[in-house]
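Have a look at the structure below, then the notes.
There are 2 protein chains.
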Amino acid sequence: MSDPPAPAVPRPRVLVVGAGFAGLAAVRALAREPVDVVLLDRTNHHLFQPLLYQVATAGLSGPQIAAPIRHVLRRQRNCTVLLGDAVALDPVTRTLHTADGTVLGWDALVLACGATHAYFGRDDWARFAPGLKTLDDALALRRRVLLAFERAELATDAADRDAQLTFVVVGAGATGVELAGTLIEIARHTLRDEFRRADPRTARVVLLEAGPRVLAAYPPALSGRALAQLRDLGVEVRLDTRVTGIDAGGVDLGDARIAAATVIWAAGVAGSPLARALGVPLDRAGRVPVPATLQLDAHPSVFVAGDLATVIDAAGRAVPGVAPAAQQAGRAAARNLARRLRGEPPVPMRYRDRGALATIGRRRAIADFGRLRLWGTPAWWAWLLVHVLFLIGFRNRLVVLVDWAWSYWTFARGARLIVGREDRPDG
Amino acid sequence: MSDPPAPAVPRPRVLVVGAGFAGLAAVRALAREPVDVVLLDRTNHHLFQPLLYQVATAGLSGPQIAAPIRHVLRRQRNCTVLLGDAVALDPVTRTLHTADGTVLGWDALVLACGATHAYFGRDDWARFAPGLKTLDDALALRRRVLLAFERAELATDAADRDAQLTFVVVGAGATGVELAGTLIEIARHTLRDEFRRADPRTARVVLLEAGPRVLAAYPPALSGRALAQLRDLGVEVRLDTRVTGIDAGGVDLGDARIAAATVIWAAGVAGSPLARALGVPLDRAGRVPVPATLQLDAHPSVFVAGDLATVIDAAGRAVPGVAPAAQQAGRAAARNLARRLRGEPPVPMRYRDRGALATIGRRRAIADFGRLRLWGTPAWWAWLLVHVLFLIGFRNRLVVLVDWAWSYWTFARGARLIVGREDRPDG
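So the sequences go chain by chain: A and B.
Using this note's numbering, read the first sequence as starting at 2 and increasing by one per residue.
Using this note's numbering, read the second sequence as starting at 2 and increasing by one per residue.
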């Protein structure tokens, strides 16, 4: 007879909301801490968001850029993964409610549920101009884009055909530039020879930007390089151009109008609505300003990380909304959370900037590594290398490489499937 | 100045409905004929249906078993591919209408729009027990299966947890056997160690069959081998068992009941409803009986091929509903169609049976090559070889091989993503 087990000492409960780059990094950083972690996400997969535009444009399949969260964390025995959509939380009673009625308590919370699209008060535009944040968004966008070409082939009227072959992307940040560059390549190369009535090579891709330059987060010289590469590809870039209306037939720009069957929103993001429940002031985009410790002054058991937070780091620099920054913030939040449970003071995070890359198309990209700036082919190879190495899981990496190598030589795209029901307002 | 082009001689218009194995084979067989071909399909992809269960069970992604139809046919200049859902046809006026209002005429028609699920008059079962015919079906089924495991982890009640971990497959034909075998492997191997509250290894997979044996299209000895392999895997096989009711909570078998959150229908197929518009007698399953020439006696401009047809070939054998038979029938229909346009008499088709294979699980399968019958590991390797070689497109083949090799060694499944909206009646 063995001794009865010692009475279990209750371990602090840590709740992490969101399995993006910040949330997943926080959970992993807690692997050896004496805590019980619950990771809640509304999907069952961790998404490699920087390549989501490739799914939307049929270059990659969903599974190639997403991994089941519980598979990623299967060996971390102190973590339970739950599927659920957080709809309410109370930082005073330390409870969170999900849409299906599950109630989760916490001794410490890491809120990392990211951002969603923002239409600047014009939420009625959402159904005409979908955005790109989730895998479902990407599959819906892929369906829209591919259906537009199919409808051009079916069109019996020249104006309708032209509208079907016009693609408008609103917003020239990284996502907008990637989408516009890829769409023009699909029209000019991938689909050539496949249609008998419409000619995809006549398709227009229009990139609208309210500000004076594309990729405004980069130095002006690199923005200029990016603009030149976009125009060289055939994208119509319009700077200092404000959208005043969007409907099923196109986009209004003040007095002008572009007839387009497909409009894609890449212009604005807003923090998850869950942030409002914290009862602290939010910034204009609905994000949570937190100190460099990532801990809320008003609720010290609550940490915020990733795209939901706006942070000035220990060196006084704004932490950007990119994947490596979210991972660093997730780890910093976990570290401070663990210190707090041990009774130690928090340590402010210091963002390590490893550079930034944006791709525009085949052998077209820009890269900013501080003193080293690249564009064109070298930047594109750097982009490819970084993204393939960064993808989670060996299998994905190998399969994605095979796919990309194939696409590179053939211009084919491997995931040109229309699936799902139609949800376009025009039928 | 060159001469003006000769006045175009109007070429006969051939309309092919359905880009499955039969329709695609018919189109390809017409590549060198002096005809204008229109290929109409309701999806944009040709589907490798024999591997659809792999998509439903998260082993493969959609793009790995589907190819864009117009990409497959891009070099066949006499063929126009159109996306559309045929809703009506008139063999007298030789016109076909699609759901979006397109009207297509023909001088000769190949009807190859296949089969759909049949619930034997119980269409109310469809929403509780979905079937598996299209890529959308497969993605919906994948979502249901993966959500059931997620809900088991969230369940607070033992009976609910058990129901979530019970999977009922109705019908022990090839699809039912493949699904049951794969589901038990997912529960026992793929998901082990990934859940903290529920234990996937306790999941039940129940395979219900109204007849006296599984895989009834095979010789009885091989059916017995398949049954033994299924039971060895852990599948509960119930023969001579008739389903009397299906609802959101489970399945009724006369007085008995199985509580199950997931029920999958693999029991019956029916010819596409479009067949009724032909005005000829159909068989009990709504398929079109055609002579071995595949030409309708009542409407000699109409040919029927693939799963929509029931055919006795020139040697008096029933042509089975498998992919190689559909391809042979598609080619035979195209040949007779071309002969008819040249004023030559039709030639009856002669089915070349190259054998049949069914897989049950990892290194479990049966194979019937006439005098050579295999089961277990040799049959499974034969199945794998045939299916990989048969897949369309080199890229797909290579990527699928990498994926399968990885799955084989690790038991992991590469496409475990829940996407799309929920459409379950219970929430």
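Cβ coordinates follow ideal geometry from the N, Cα and C atoms, glycine included.
Note that the coordinates shown come from a computational prediction; the quantities given were computed from them, not determined experimentally.
Is P349 (chain A) helix, strand or coil when you go by DSSP? Taking the first residue of the first sequence as 1, we reach residue 349 (chain A) at position 348. Reduced to three states, the DSSP call for P349 (chain A) is coil.
Among residues of its own chain, excluding the 5 on either side of R332 (chain B), which ones have a beta-carbon nearer than 6 Å to its beta-carbon? Walking along the second sequence from the start, residue 332 (chain B) turns up at place 331. For R332 (chain B), where only same-chain residues beyond five positions count, the Cβ hits under 6 Å are A26, A30.
8 Å Cβ shell around A164 (chain A) - same chain, five flanking residues per side excluded: Here residue 164 (chain A) refers to the residue found at position 163 when the first sequence is read from its first residue. Result list for A164 (chain A): G250, G251, A260, A261, A262, in chain order.
Spatial neighbours of G269 (chain A) in its chain, beta-carbon cut-off 8 Å, leaving aside the 5 residues before and after: Along the first sequence, read from residue 1 onward, the residue named residue 269 (chain A) stands at position 268. Scanning its chain for C-beta atoms nearer than 8 Å, with the 5 sequence neighbours on each side dropped, one finds around G269 (chain A) the residues H118, A119, Y120, F121, G172, A286, in chain order.
DSSP three-state label for F168 (chain B), please. Mapped onto the second sequence, residue 168 (chain B) falls at position 167. Three-state DSSP puts F168 (chain B) in a strand.
Could you check what DSSP says for H300 (chain B) in three-state terms: helix, strand or coil? Within the second sequence, the letter at position 299 stands for residue 300 (chain B). Here H300 (chain B) carries a coil assignment [DSSP, helix/strand/coil].
Out of curiosity, what's the CA-to-CA distance linking V88 (chain A) and A149 (chain B)? Here residue 88 (chain A) refers to the residue found at position 87 when the first sequence is read from its first residue. Here residue 149 (chain B) refers to the residue found at position 148 when the second sequence is read from its first residue. Answer to the nearest angstrom: the Cα atoms are 21 Å apart.
Checking 8 Å against the spacing of the C-beta atoms, do A1 (chain B) and L283 (chain B) come in under that value? The shown model of chain B, from 2 to 428, leaves out residue 1 (chain B), and the question about it has no answer.
Kindly indicate which three-state DSSP category T183 (chain A) falls into: helix, strand or coil? Within the first sequence, the letter at position 182 stands for residue 183 (chain A). In this structure, T183 (chain A) counts as helix in the three-state DSSP scheme.
Please classify P369 (chain A) as buried or exposed, where buried requires at least 16 neighbouring CB atoms within 10 angstroms. Locating residue 369 (chain A) in the first sequence gives position 368, where the first residue counts as 1. For clarity, residue 369 (chain A) is Asp in the given sequence; the question names Pro instead. Its Cβ being crowded by 16 or more others within 10 Å, D369 (chain A) is buried.
Host alpha helix (DSSP H) of V439 (chain A) (start-end): In the structure displayed, chain A extends from 2 to 428; residue 439 (chain A) sits before or after that span and is not available.
Which chain B residues are close to T183 (chain A), counting only those with a beta carbon under 8 Å from its beta carbon? Here residue 183 (chain A) refers to the residue found at position 182 when the first sequence is read from its first residue. Chain B residues near T183 (chain A): none, gap ~16 Å exceeds 8 Å.
Is the shortest distance between the beta-carbon of P69 (chain B) and the beta-carbons of chain A less than 8 Å? By one-based count along the second sequence, residue 69 (chain B) stands at place 68. The Cβ of P69 (chain B) sits closer than 8 Å to at least one Cβ of chain A.
Any idea if E179 (chain A) is buried or exposed, counting beta-carbon neighbours within 10 angstroms, 16 or more meaning buried? Translated into the one-based positions of the first sequence, residue 179 (chain A) becomes position 178. Answer is buried; the Cβ neighbour count reaches 16.
Using the beta-carbon count (16 or more within 10 Å), is G371 (chain A) buried or exposed? Your numbering for residue 371 (chain A) matches position 370 in the first sequence. G371 (chain A) counts as exposed, since fewer than 16 other C-beta atoms from the protein chains shown sit within 10 angstroms of its C-beta.
Residues near A211 (chain A) by beta carbon distance below 6 Å, same chain, minus five either side: Here residue 211 (chain A) is taken as the residue at index 210 of the first sequence, counted from 1. For A211 (chain A), where only same-chain residues beyond five positions count, the Cβ hits under 6 Å are R243.
Through-space distance from R162 (chain A) to R199 (chain A), alpha-carbon basis: Within the first sequence, numbered from 1, the residue matching residue 199 (chain A) stands at position 198. Within the first sequence, numbered from 1, the residue matching residue 162 (chain A) stands at position 161. Inspection of the sequence shows that residue 199 (chain A) is occupied by Ala rather than by Arg. C-alpha separation (whole angstroms): 7 Å.
Let me know if V10 (chain B) comes out buried or exposed under the rule of 16 or more other beta-carbons within 10 Å of its beta-carbon. Translated into the one-based positions of the second sequence, residue 10 (chain B) becomes position 9. Exposed.
For the segment 139-165 of chain B, enumerate the residues whose C-beta is nearer than 7 Å to any C-beta of chain A, in chain order. Listed in sequence order: L140, L147, E151, E154, L155.
P131 (chain A) to I361 (chain B), Cα distance in whole Å? Position 130 of the first sequence, counted from the first residue, corresponds to residue 131 (chain A). Position 360 of the second sequence, counted from the first residue, corresponds to residue 361 (chain B). The alpha-carbon atoms of P131 (chain A) and I361 (chain B) are separated by roughly 42 Å.
Assigned exposure category for E423 (chain A) - 16 Cβ within 10 Å defines buried: Locating residue 423 (chain A) in the first sequence gives position 422, counting from the first residue. Here the model assigns E423 (chain A) a pLDDT of 48, short of 50, so the residue's position is not dependable and the matter cannot be decided.
For I419 (chain B), the three-state DSSP class (helix, strand or coil): As a working mapping, residue 419 (chain B) is identified with position 418 in the second sequence. Residue state, collapsed to three classes: coil.
Closer than 9 Å at the beta carbon, the chain A residues around P51 (chain B): Working through the second sequence from its first residue, we reach residue 51 (chain B) at position 50. Against chain A, the beta carbon of P51 (chain B) has no neighbour under 9 Å; the closest one sits roughly 17 Å away.
CA-to-CA distance, D314 (chain B) to R425 (chain B), given in whole angstroms: Residue mapping note: residue 425 (chain B) aligns to position 424 of the second sequence, counting from 1. Residue mapping note: residue 314 (chain B) aligns to position 313 of the second sequence, counting from 1. Bear in mind that the predicted position of R425 (chain B) carries a pLDDT of just 34, short of 50, making it unreliable; the figure below should be weighed with that in mind. Rounded to the nearest angstrom, the two C-alpha atoms are 43 Å apart.
Considering only their Cβ atoms, is the gap separating G21 (chain B) from A141 (chain B) smaller than 8 Å? Residue numbering aside, residue 141 (chain B) sits at position 140 when the second sequence is read from its first letter. Residue numbering aside, residue 21 (chain B) sits at position 20 when the second sequence is read from its first letter. Annotated as distal: A141 (chain B) and G21 (chain B), with beta-carbon spacing of 8 Å or more.
Residue span of the beta strand (DSSP E) that contains A98 (chain B), given as start and end: Counting from 1 along the second sequence, the entry for residue 98 (chain B) is found at position 97. Residue identity check: residue 98 (chain B) is His in the sequence provided, not Ala. Note, H98 (chain B): beta strand (DSSP E), 96-99.
Measure the alpha-carbon distance for E459 (chain B) versus I66 (chain B) and round it to whole angstroms. Examination of residue 459 (chain B) is not possible in this model, given that chain B is present from 2 through 428 alone.
Taking a contact to mean a Cβ-Cβ separation below 8 Å, would you say A116 (chain B) touches A271 (chain B) in this structure? Within the second sequence, numbered from 1, the residue matching residue 116 (chain B) stands at position 115. Within the second sequence, numbered from 1, the residue matching residue 271 (chain B) stands at position 270. Going by beta carbons, A116 (chain B) and A271 (chain B) fall inside the 8 Å limit.
By alpha-carbon positions, which one of B:P220, B:A218, B:V170 ends up nearest to D253 (chain B)? As a first step, residue 253 (chain B) is located in the second sequence; it is residue number 252 there, counting from the start. Checking every option, the nearest Cα to that of D253 (chain B) belongs to B:V170.
So with Cβ pairs under 8 Å, would you call L31 (chain B) a contact of chain A? Reading the second sequence from its first residue, position 30 is the one you call residue 31 (chain B). At a cut-off of 8 Å between C-beta atoms, L31 (chain B) does not count as an interface residue with respect to chain A.
Per DSSP, E151 (chain A) forms a beta bridge with which residues? Reading the first sequence from its first residue, position 150 is the one you call residue 151 (chain A). DSSP lists no partner for E151 (chain A).
What does DSSP give as the partner residue(s) for E34 (chain A) in the beta ladder? Along the first sequence, read from residue 1 onward, the residue named residue 34 (chain A) stands at position 33. According to DSSP, E34 (chain A) bridges with nothing at all.
Coarse secondary structure for T191 (chain B), derived from DSSP in three states: Your numbering for residue 191 (chain B) matches position 190 in the second sequence. Here T191 (chain B) sits in helix by DSSP.
For A416 (chain A), decide whether its Cβ has a neighbour in chain D, counting only Cβ atoms nearer than 8 Å. No chain D appears in the structure shown, which is made up of the protein chains A and B.
Beta carbons nearer than 7 Å to chain A: which residues of the segment 108-139 of chain B have them? Listed in sequence order: L136, D137.
Excluding the five sequence neighbours on either side, which residues of its own chain have a C-beta within less than 8 Å of the C-beta of A227 (chain A), listed in chain order? Along the first sequence, one-based indexing puts residue 227 (chain A) at 226. Closer than 8 Å at the Cβ level, and outside the excluded window around A227 (chain A), lie V178, V215, L216, Y219, A359, I361, I367, W376.
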